[in-house]
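Asks:
Residue numbers (the numbering used here), protein chains in the order written: chain A, 87 to 332; chain B, 1396 to 1683.
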């Protein structure tokens, strides 16, 4: 299988402080990859790097023949202002940005697409509700509907299942598996090792530097997890003492 | 009826021009106020309104009560302070609201000092509280052209502006326009404040922007409808303020702002979205 994304000695970070260190490797097209690791390990930063929001401090990211616009990104739900007065329909419709842009009209065919996406995540009847009235699970469903509309070849999910009930999680996981079946590349930042073992064939264990990357069963071995924790404790100390490690 | 509502406008030219002024102002200032409010930048709007004063005062020092000089000075000062306040908040330890308060106080003091160097108390009063009833055709044209430009610009940036408020991470992932949109939005705020400054003066200009917006928040949960309602509230307050000031012989600018303030008060009490009436008598809950 051809590579969709490649990293060559990639370092990502903010204000010269690296959050992801010396990452090399490839994500093959159609991969279903979980990114796991302790807090502050650079998982979210890696997704932001792939989507092009954070620029490399060193090394390279190769997007093999994939237009940046063909990468869909689901931010952490905490980054969304849920008090903003906008309806579920309008929020989901943003998934058409790639095609509609600033001024493009949203026609009858698009409306059908939007309705179908909302239907597909089980939110029929909620189209005209303001997002402020949704529960956490319903909100995440709406954001998945937006991903459906984006219809992208690469899909990046930042903690998509954080604090959701089990019914919502299993419904949304079903969508993830559907995308996998459609040969889309899916990369998800996750904390639940059990879920990763059950649903994600490949995993990347990150603690700023990559600890292990490959088949999930091997990546999530007790030795690797221990190693990741050791490294993360070390950089917690470092952050307290030294300013510049770049 | 006719005597009260129509006659003042049909008989007096200055009332007609004032009416045109407040209506045109509301068209773009109120929707821009909506976005200021939704981005939690109401205070920043207030600061920019004050920041216009020293610029306009410099224009006044150079050319007297000249429309062009005061407009250019106001825009330049407004944009300078918008950028400077953003930089101070970003690169120093000072919290943004403290930085804004500092700019606000210094601008006001500086502006009043500059005006007093050359002008009389009448000039000062006019700059601080405006002169809705003295709008001449040239000033109306300036206000109208700023509003026209603002409406087109707002239509152009509407989608990214909404997106930047709701989900900035997503906007950055689909478009690099976020920063540009933010800057353009700030420029629109300054333009509309300068337009409002000519009619309502420094201290009241931001009122036509924030009060209709704050009131509209209580009537709907959809940003597009909210913008429309805010325009309506702005126009209504303008007309009511002019009529009350005409009949009761009250100063016009404050009357317009007080009218908008009354609508805000009513909205807080009776508005269906988060208004107090709902809170204290929520009504029967919906049956499934």
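All residues carry an ideal CB built from backbone N, CA and C; glycine is no exception. Quantities reported herein were computed from a predicted structural model and do not represent experimental measurements.
Runs of 4 residues minimum, wholly inside the segment 201-261 of chain A: which ones carry the alpha helix (DSSP H) assignment?
Replies: Correct list: 222-236.
Asks: Cβ atoms of residue 1526(B) and residue 1519(B): under 9 Å apart, would you say?
Replies: No, they are not a contact pair.
Asks: If we cut at 9 Å on Cβ distances, does residue 212(A) have a partner in chain B?
Replies: No, no contact with chain B.
Asks: Can you pull the chain B residues whose beta carbon is under 7 Å from the beta carbon of residue 167(A), in chain order?
Replies: Simply 1560 and 1561.
Asks: Which chain A residues sit within Cβ distance under 8 Å of residue 1544(B)?
Replies: Within 8 Å Cβ-Cβ: nothing; residue 1544(B) doesn't reach chain A, min ~17 Å.
Asks: Please report the distance separating the alpha-carbon of residue 147(A) from that of residue 188(A).
Replies: When rounded, the distance between both Cα atoms is 28 Å.
Asks: Just how far apart, CA to CA, sit residue 183(A) and residue 236(A)?
Replies: Using only the alpha carbons, I get a separation of about 8 Å.
Asks: Quick one: Cα of residue 88(A) to Cα of residue 317(A), how far?
Replies: Approximately 32 Å, taken between the alpha carbons.
Asks: Would you call residue 1445(B) buried or exposed, if buried means 16 or more other Cβ atoms sit within 10 Å of its Cβ?
Replies: Buried, by the Cβ-count rule.
Asks: Would you check if the distance between the CB atom of residue 1421(B) and the CB atom of residue 1568(B) is smaller than 9 Å?
Replies: Contact flag unset, no.
Asks: Measuring only the C-alpha atoms, how far is residue 328(A) from residue 292(A)?
Replies: Note on residue 328(A): pLDDT 41, under 50, position unreliable in the model; the coordinate value appears next. When rounded, the distance between both Cα atoms is 22 Å.
Asks: How is the beta strand (DSSP E) around residue 107(A) delimited, first residue to last?
Replies: Start and end: 103-114.
Asks: On a CA-only basis, which of 97(A), 176(A) and 119(A) is nearest residue 196(A)? Give me that one, please.
Replies: The candidate whose alpha carbon is nearest that of residue 196(A) is 176(A).
Asks: Are the CB atoms of residue 1467(B) and residue 1594(B) nearer to each other than 9 Å?
Replies: Not closer than 9 Å, so no.
Asks: Give a yes or no on whether the minimum CB-CB distance between residue 1461(B) and chain A is below 9 Å.
Replies: It does not: the Cβ of residue 1461(B) has no partner Cβ on chain A nearer than 9 Å.
Asks: Just confirm the distance between the C-beta atoms of residue 1586(B) and residue 1541(B), as a whole number of angstroms; I'd bet it's less than 8 Å.
Replies: With a Cβ gap of about 5 Å, residue 1586(B) and residue 1541(B) count as contacting.
Asks: With a threshold of 9 Å between beta carbons, is residue 1710(B) in contact with chain A?
Replies: The structure shown has nothing for residue 1710(B), since chain B only spans 1396 to 1683.
Asks: Using a beta-carbon distance below 9 Å, is residue 159(A) in contact with chain B?
Replies: Yes, because at least one Cβ of chain B sits closer than 9 Å to the Cβ of residue 159(A).
Asks: Report all residues from its chain with a CB closer than 6 Å to the CB of residue 1457(B); omit the five preceding and five following residues, and keep chain order.
Replies: 1464.
Asks: Do we get a CB-CB distance below 9 Å when we pair residue 217(A) with the residues of chain B?
Replies: Yes, because at least one Cβ of chain B sits closer than 9 Å to the Cβ of residue 217(A).
Asks: Below 9 Å between beta carbons: does that hold for residue 254(A) and residue 294(A)?
Replies: Cβ atoms of residue 254(A) and residue 294(A): not closer than 9 Å.
Asks: Sorted by chain position, which residues of the same chain lie with C-beta nearer than 6 Å to residue 326(A)'s C-beta, five sequence neighbours on each side aside?
Replies: Confidence at residue 326(A) is low in this model, with a pLDDT of 47, below 50, so the placement of that residue should be treated as unreliable; the coordinate-derived value is given next. So the list is empty, once near-sequence residues are dropped.
Asks: If you measure from the beta carbon of residue 1564(B) to each beta carbon in chain A, is any gap under 9 Å?
Replies: Closer than 9 Å: yes.
Asks: What is the DSSP secondary structure of residue 1420(B), reduced to helix, strand or coil?
Replies: Correct three-state label for residue 1420(B): helix.
Asks: Per DSSP, residue 146(A) is paired with what?
Replies: Answer is 94(A), bridged to residue 146(A).
Asks: Are residue 1584(B) and residue 1431(B) touching if we call contact CB-CB under 9 Å?
Replies: Cβ atoms of residue 1584(B) and residue 1431(B): closer than 9 Å.
Asks: I want to verify the contact list: residues of chain A whose CB lies under 8 Å from the CB of residue 1615(B), in sequence order.
Replies: Here the neighbours are 171.
Asks: Below 7 Å on C-beta distance, what does residue 137(A) contact in chain B?
Replies: Those are 1568, listed as they occur along chain B.
Asks: Please list the segments of the beta strand (DSSP E) lying wholly inside the segment 148-179 of chain A, counting only runs of 3 or more residues, in order along the chain.
Replies: As far as the segment 148-179 of chain A is concerned, its whole beta strand (DSSP E) runs of at least 3 residues are 157-160.
Asks: Can you list, in chain order, the residues of its chain with a C-beta nearer than 7 Å to that of residue 123(A)? Leave out the 5 residues immediately preceding and following it.
Replies: These residues qualify, in order along the chain: 129, 291, 292, 293 and 314.
Asks: Beta-carbon within less than 7 Å of residue 1621(B)'s beta-carbon, same chain only, minus the 5 sequence neighbours each way: which residues are those?
Replies: Excluding residues within five positions, the ones whose Cβ falls inside 7 Å are 1429, 1611, 1612 and 1615.
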